[in-house]
Amino acid sequence: MVLVLSRTYFPEGTQGTIVWNGTLVCYTIELPWLHNQQRVSCIPEGEYVLQKRFSPKFQWHLHLKNVPGRDLILIHPANDAKSELLGCIATVTKHTGIGKGSSSRKALEKLKVLVYDALKRNEEVKIKIQSNPSTPIRTTRLKTNK
1 MVLVLSRTYF
11 PEGTQGTIVW
21 NGTLVCYTIE
31 LPWLHNQQRV
41 SCIPEGEYVL
51 QKRFSPKFQW
61 HLHLKNVPGR
71 DLILIHPAND
81 AKSELLGCIA
91 TVTKHTGIGK
101 GSSSRKALEK
111 LKVLVYDALK
121 RNEEVKIKIQ
131 SNPSTPIRTT
141 RLKTNK
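Going by the UniProt record's numbering, the sequence shown opens with residue 1, and the numbers climb by one from there.
In structure tokens form, the structure reads like this:
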């Protein structure tokens, strides 16, 4: 199973959608892209294996394996990327602002049902993270007048 997370980047945060087989599963929020700096940036685009993980703080959630230059990148509940994330991905049922959303736990439950069922069938589950193909990537270049 391959889930596709398509991102749109903004200076204040990253918005996304997770789709499986052409069907929207949930929306996502993340920190802005700051060149993969630990604890302040979203992770690089690429394909990552997902596994189940339990912690007292988040209960059952998901872990992305082998993220370059990063450790313990999770998919867990959060409704505000800037105040609740340190590089992880949060699921939300809708976007309420840049890097913000609502009903995160409800969205995570929907994603977990899909992923955990595939894992029970001994399927490998991956998430492919990419730029939203319909949205141009924003760059922050300074214009100079010469």
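Glycine included, C-beta positions come from ideal geometry on N, C-alpha and C. Predicted model, so just to flag it, every value in this text is computed and none were measured.
Counting only runs of 4 or more residues that sit fully inside the stretch 64 to 88, the alpha helix (DSSP H) segments are 81 to 84, in chain order. Closest in alpha carbon position to G87, among N36, E123, L50, is N36. Contact check for S104 against V92 passes: the beta carbons are separated by less than 7 angstroms. With 16 or more other Cβ atoms inside 10 Å of its own Cβ, N79 counts as buried. Annotation: T23 to V67 spans about 26 angstroms, alpha carbon to alpha carbon.
The C-beta distance from G13 to S6 rounds to 15 angstroms, too long to meet the 8 angstroms contact threshold. Closest by C-alpha distance to V49, out of H95, P133, S131, L119, is L119.
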